[in-house]
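Position 170 of the sequence shown, counting from 1, maps to 837 under the working numbering, and the rest follow consecutively.
Idealized CB from N, CA, C, for every residue including glycine.
Given the structure is predicted, the values throughout are model-derived calculations rather than measurements.
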Amino acid sequence: EKMIITCILFCGLPGSGKSHAAEFVAEALARSEEQNERHHVEHIEYDRLEEERLQRGDASDNTGSGHEEQQDDDDDDHQPWESRRRAWNEARVAASQRLQDRVDEILKSSNGEGSHTFILDDNYHLRGMRKEVHRFMLTKHCETMSSSNDLSIRFGIVWMDTPFETCVQRNDARHGPRRVPPHVMRKMRQSFEPPSAYWEGRYLRVQDSTRCDDGILQYVKSCPPIVAVKAGTVSEDELRAEREKTMANKKHQVDQLLRKYVGRIARCDKSYAKQANMAKNKLCQKLKGDGGDLDRYCSGSVLDATIMSREFVAAMAVEEGGRKMDESTASTFESILKNE
């Protein structure tokens, strides 16, 4: 029987629903594990590892940081942020080591048959963080590829792309170490790098964390094999050119859609035409350079009309000197623009 080792990364901002979705998948797979002794699942939750270190008070001072180092005035949790930051860094190291040790143990074991699924639950807001896990799994794939045809190593990413406002509300309702300081939330949103690299393969993007469990479970069960690009087949220049081409195409799509929005608003209510044009200019300026939040407006290479219309109307509503917009008008405009 072919042995399958699957590694799934759950990434997204704090409060995006990662842990809820990861726990659902882990429990569902565990139930099938009870029925099938050859199916094993392990949920590695970074927050829990961080909490263990904070409770023991043994977070040592190490270098490197995934969060901002500065203390924020509106952080009312009892642990100093510096201690939490160190604990978070150590949790990342511990999680990575646990994954490596378990995979090595499975590959060396004579009883390693069956299906083994590892669910890694963290923010993974930087591509480099996801790349570290992918590199390890790809190394194991390459090491065993020539010696065994009975092994399949799979790698997938579940991106919980929950609206930032929802993440903030959920985070504000938390207490203790699971509540992330507001300045860190803002920084993570600004620096978040959506899955888009060639090695990230067929990632799953989830935009409604309240109605997603079954879809995520199906994705995990049918997770694709890890993507490996043979040396020399794709140069860095070709990859860079392809990324630039994709980015330019997305920018063009956004520009054209925003122009349609301005025209549609003007036809609906001319008194908002100037406001709509200023909102278009503001969003276009925001997307200059490296694309800013461009990937937030797209599902793969396709624009997400729901997100685009919401952001556009929000930009109109806050435009200085513009006509005031009540919730009813904003909702009407969003509904109209979604159909453009």
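Spatially closest choice to residue i from the options, by CA coordinates
{"i": "residue 632", "options": "758, 934, 879, 884", "result": "Because residue 632 is not part of the residues shown, which for the chain are 668 to 1007, the question remains open."}
{"i": "residue 781", "options": "669, 829, 681", "result": "669"}
{"i": "residue 674", "options": "763, 687, 757", "result": "763"}
{"i": "residue 990", "options": "1003, 943, 951", "result": "943"}
{"i": "residue 948", "options": "973, 922, 935", "result": "922"}
{"i": "residue 759", "options": "890, 776, 715, 831", "result": "715"}
{"i": "residue 938", "options": "974, 983, 950", "result": "983"}
{"i": "residue 936", "options": "1003, 858, 834", "result": "1003"}
{"i": "residue 932", "options": "980, 681, 975", "result": "980"}
{"i": "residue 864", "options": "924, 881, 796, 882", "result": "796"}
{"i": "residue 881", "options": "687, 999, 679, 773", "result": "687"}
{"i": "residue 836", "options": "924, 706, 699, 681", "result": "681"}
{"i": "residue 811", "options": "934, 773, 722", "result": "773"}
{"i": "residue 765", "options": "786, 993, 698", "result": "786"}
{"i": "residue 720", "options": "756, 817, 695", "result": "756"}
{"i": "residue 1036", "options": "952, 679, 706", "result": "As displayed, the chain neither begins before 668 nor continues past 1007, which places residue 1036 out of reach and without an answer."}
{"i": "residue 754", "options": "834, 784, 723", "result": "723"}
{"i": "residue 1008", "options": "711, 940, 866", "result": "The structure shown does not extend to residue 1008, since the chain is modelled only from 668 to 1007, so the question has no answer here."}
{"i": "residue 928", "options": "1005, 833, 698, 995", "result": "1005"}
{"i": "residue 952", "options": "925, 930, 866", "result": "925"}
N- and C-terminal bounds of the alpha helix (DSSP H) containing residue i
{"i": "residue 803", "result": "794-812"}
{"i": "residue 851", "result": "849-858"}
{"i": "residue 835", "result": "831-839"}
{"i": "residue 945", "result": "940-953"}
{"i": "residue 994", "result": "994-1005"}
Bridge partners - residue i, DSSP secondary structure assignment
{"i": "residue 935", "result": "Partner(s): none; residue 935 has no beta bridge."}
{"i": "residue 818", "result": "670"}
{"i": "residue 826", "result": "678, 872"}
{"i": "residue 710", "result": "786"}
{"i": "residue 892", "result": "821"}
Other residues of its chain near residue i: CB distance less than 7 Å, five sequence neighbours each side excluded
{"i": "residue 966", "result": "Only weak support is given to the placement of residue 966: the predicted model assigns it a pLDDT of 48, under 50, and the question is left unresolved by the model."}
{"i": "residue 822", "result": "674, 801, 804, 868, 893"}
{"i": "residue 770", "result": "672, 807"}
{"i": "residue 977", "result": "1001"}
{"i": "residue 713", "result": "758, 759, 762, 788, 789"}
{"i": "residue 684", "result": "827, 829, 876"}
{"i": "residue 718", "result": "844"}
{"i": "residue 946", "result": "979, 982, 983, 986"}
{"i": "residue 992", "result": "983, 984"}
Residues near residue i by beta carbon distance below 6 Å, same chain, minus five either side
{"i": "residue 671", "result": "782, 819"}
{"i": "residue 874", "result": "828"}
{"i": "residue 859", "result": "792"}
{"i": "residue 887", "result": "675, 692"}
{"i": "residue 831", "result": "856"}
{"i": "residue 695", "result": "884"}
{"i": "residue 727", "result": "Caution applies to residue 727, whose pLDDT of 44 falls short of 50 and renders its modelled position unreliable; the value that the coordinates give is listed next. For residue 727, where only same-chain residues beyond five positions count, there are no Cβ hits under 6 Å."}
{"i": "residue 879", "result": "873"}
Same chain, Cβ closer than 8 Å to residue i, five either side skipped, listed in chain order
{"i": "residue 890", "result": "673, 675, 821, 822, 823"}
{"i": "residue 767", "result": "803"}
{"i": "residue 870", "result": "823, 824, 825, 826, 862"}
{"i": "residue 699", "result": "706"}
{"i": "residue 995", "result": "none"}
{"i": "residue 1029", "result": "There is no way to answer for residue 1029, as the model of the chain reaches only from 668 to 1007."}
{"i": "residue 809", "result": "895"}
Requested in this report: Decide if the stretch 795-810 is in contact with the stretch 835-850; the criterion is three or more beta carbon pairs, one per stretch, under 8 Å apart.
Outcome: The stretch 795-810 vs the stretch 835-850: no contact.
Query raised in the report: With contact counted as at least three CB pairs below 8 Å, one residue from each stretch, are the stretch 830-843 and the stretch 685-696 in contact?
Result: Verdict: no, contact absent.
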